[in-house]
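All remarks here apply to the structure that follows.
Protein chains in written order, with the working numbering: chain A, 110 to 259; chain B, 110 to 259.
Here's what the structure looks like:
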């Protein structure tokens with residue numbers, strides 16, 4: 110069985126432990142943060158990330174990424190592998206449209222289950238009432254340091 | 110001797126092997142890529158990154174990040190450490206104003222020397238005629254997974 114390039118890109122995204130998510134702030138600067146996420150499969154693959162219990166300076170609704178997404182739902186992200194052997198570098202870059210998902214949204218419990226399946230760290234956190242970011246309408250492109258296609 | 114928080118943030122940035130840089134594309138989406146860089150010290154610390162010989166699909170001037178910076182010099186970046194022990198997570202997030210530096214610019218040779226000092230991979234690449242991205246007017250903020258200041 111041959112994987113299509115898109116299947117290979119989605120597999121690379123799905124397996125990564127961390128990515129970097131960029132939103133646009135109120136002053137027009139891109140704002141990048143590392144983020145943990147799960148990829149929900151299906152005909153419309155969706156990336157989900159929970160506003161978790163890692164220490165925050167502010168309440169969830171005041172988080173920069175939440176404010177930014179409400180103002181400007183176009184987001185970008187990258188999932189990559191760094192290696193000192195630069196022929197082994199690789200990344201999948203993506204963009205999509207983000208929205209906030211509150212507890213009670215039909216998508217919330219499935220997304221939380223996917224995140225707990227991927228990250229044991231989430232299994233002991235109380236996340237049932239936490240907001241989530243869902244990124245859909247994904248467009249991906251990929252690159253490898255050896256010049257080969259994904 | 111006590112390091113100030115800003116000194117600690119700059120040291121973390123300086124030592125990182127890879128960061129992620131976000132620009133804004135012509136459709137208003139943030140576009141994130143991994144990037145290798147050096148931090149030039151001084152009263153106005155500057156991050157420099159060369160359009161190197163890693164395989165590209167297009168000529169340097171057509172690279173998305175170059176086109177984006179010419180249109181929209183406000184950029185963002187993040188330098189972070191991922192660890193499965195989330196109390197060890199850390200990042201320095203920054204924003205700044207980017208400009209392109211061509212060969213012949215007074216800054217070019219010093220920046221290239223700094224990049225070659227940091228990355229042995231650059232010592233055998235012909236980079237004297239390559240454009241560079243310089244990011245100045247840096248504003249940094251930092252975060253640690255254990256809730257402590259940097």
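All C-beta atoms, glycine included, are put in the ideal place defined by N, C-alpha and C.
Quantities reported herein were computed from a predicted structural model and do not represent experimental measurements.
>> Measuring alpha carbon to alpha carbon, tell me which residue in 194(A), 127(A), 216(A) is nearest residue 245(A).
In response: Your numbering for residue 245(A) matches position 136 in the first chain. The shortest Cα separation from residue 245(A) among 194(A), 127(A), 216(A) belongs to 216(A).
> Taking C-beta to C-beta, are residue 242(A) and residue 199(A) nearer than 9 Å?
Replying inline: For this step, residue 242(A) is matched to residue 133 along the first chain. For this step, residue 199(A) is matched to residue 90 along the first chain. Result no, Cβ atoms of residue 242(A) and residue 199(A) do not sit closer than 9 Å.
> What number of angstroms, rounded off, separates the C-alpha of residue 127(A) from the C-alpha of residue 224(B)?
Replying inline: Within the first chain, numbered from 1, the residue matching residue 127(A) stands at position 18. Within the second chain, numbered from 1, the residue matching residue 224(B) stands at position 115. Using only the alpha carbons, I get a separation of about 26 Å.
> At a Cβ threshold of 9 Å, is residue 169(B) touching chain A?
Replying inline: Taking the second chain and counting its residues from 1, one reaches residue 169(B) at position 60. Output row for residue 169(B): interface = no.
>> What are the residues in the region 175-186 of chain A lying within 9 Å of chain B by C-beta distance?
In response: 181, 183, 184, 185, 186
> Taking Cβ-Cβ distances shorter than 7 Å, what residues in chain B pair up with residue 230(A)?
Replying inline: In the first chain, residue 230(A) corresponds to position 121, counting from 1. Those within 7 Å of residue 230(A) in chain B are 195.
> When burial is assigned at 16 or more other CB atoms within 10 Å of the CB, is residue 132(A) buried or exposed?
Replying inline: Position 23 of the first chain, counted from the first residue, corresponds to residue 132(A). Residue 132(A) comes out buried.
> DSSP state of residue 122(B), grouped into three classes?
Replying inline: Within the second chain, residue 122(B) is the residue found at index 13, counting from 1. Of the three classes helix, strand and coil, the one that applies to residue 122(B) here is helix, per DSSP.
> Distance, Cα to Cα, residue 257(B) vs residue 194(B)?
Replying inline: Within the second chain, numbered from 1, the residue matching residue 257(B) stands at position 148. Within the second chain, numbered from 1, the residue matching residue 194(B) stands at position 85. Spanning the two alpha carbons is a distance of roughly 15 Å.
>> Please tell me whether residue 227(B) has its Cβ less than 9 Å away from any Cβ of chain A.
In response: Position 118 of the second chain, counted from the start, is the residue given in the question as residue 227(B). Not closer than 9 Å to any Cβ of chain A, the Cβ of residue 227(B) fails to qualify, so no.
>> Beta carbons nearer than 7 Å to chain A: which residues of the region 124-138 of chain B have them?
In response: 126, 127, 129, 131, 132, 133, 137, 138
> So does the region 173-192 of chain A actually touch the region 134-147 of chain B, counting three or more Cβ pairs closer than 8 Å?
Replying inline: yes
> Do residue 231(B) and residue 161(B) have their CB atoms nearer than 9 Å?
Replying inline: For this step, residue 231(B) is matched to residue 122 along the second chain. For this step, residue 161(B) is matched to residue 52 along the second chain. In this structure, residue 161(B) lies closer than 9 Å to residue 231(B) by Cβ.
> Are residue 121(B) and residue 251(B) touching if we call contact CB-CB under 9 Å?
Replying inline: Here residue 121(B) corresponds to residue number 12 of the second chain, with the count starting at 1. Here residue 251(B) corresponds to residue number 142 of the second chain, with the count starting at 1. Their beta carbons are under 9 Å apart, which means residue 121(B) touches residue 251(B) by this criterion.
>> With a threshold of 6 Å on Cβ separation, who are the neighbours of residue 189(A) within its own chain once the five nearest residues in sequence on each side are excluded?
In response: On the first chain, position 80 is the one that residue 189(A) refers to. Cβ within range, chain order: 200.
>> Using beta carbons (cut-off 9 Å, strictly below), is residue 115(A) in contact with chain B?
In response: Position 6 of the first chain, counted from the first residue, corresponds to residue 115(A). So no, residue 115(A) is outside the interface.
>> Can you tell me whether residue 196(B) is buried or exposed? The criterion is at least 16 other CB atoms within 10 Å of its CB, across all chains shown.
In response: The residue given as residue 196(B) occupies position 87 in the second chain. Classification for residue 196(B): exposed.
> Under the DSSP definition of a beta bridge, which residues are partnered with residue 155(A)?
Replying inline: Counting from one through the first chain, the residue named residue 155(A) turns up at place 46. Paired residues: 149(A).
> Taking the beta strand (DSSP E) that residue 249(A) falls in, what are its first and last residues?
Replying inline: For the purposes of this step, residue 249(A) is identified with residue 140 of the first chain, where counting begins at 1. Start and end: 241-253.
> For residue 152(B), is the classification buried or exposed, using 16 other Cβ atoms within 10 angstroms of its Cβ as the cut-off for buried?
Replying inline: By 1-based counting over the second chain, the position of residue 152(B) is 43. Under this definition residue 152(B) is an exposed residue.
> Within 10 angstroms of its Cβ, does residue 155(A) collect 16 or more other Cβ (buried), or is it exposed?
Replying inline: On the first chain, residue 155(A) is found 46 positions in, with the first residue counted as 1. So residue 155(A) counts as buried.
> Using a beta-carbon distance below 9 Å, is residue 200(B) in contact with chain A?
Replying inline: On the second chain, residue 200(B) is found 91 positions in, with the first residue counted as 1. Residue 200(B) counts as touching chain A.
> Which bits of chain B does residue 254(A) rub up against, with CB to CB less than 9 Å?
Replying inline: Here residue 254(A) refers to the residue found at position 145 of the first chain. Per Cβ cutoff of 9 Å: 163, 164.
>> Measuring alpha carbon to alpha carbon, tell me which residue in 227(B), 222(B), 248(B), 249(B) is nearest residue 236(B).
In response: In the second chain, the residue the question calls residue 236(B) occupies position 127. Among 227(B), 222(B), 248(B), 249(B), the Cα nearest to that of residue 236(B) belongs to 222(B).
> List, in order along the chain, the chain A residues whose C-beta lies closer than 7 Å to that of residue 143(B)?
Replying inline: The residue you call residue 143(B) lines up with position 34 of the second chain. Ordered by position in chain A, the residues that pass the 7 Å Cβ test against residue 143(B) are 187, 189, 191, 200.
> Can the beta-carbon of residue 83(B) be found closer than 9 Å to that of residue 129(B)?
Replying inline: Outside the displayed range of chain B (110 to 259) lies residue 83(B), so it cannot be described from this structure.
> In terms of alpha-carbon separation, which member of 159(B), 163(B), 164(B) lies closest to residue 175(B)?
Replying inline: One-based indexing of the second chain puts residue 175(B) at position 66. Comparing Cα positions, the closest option is 159(B).
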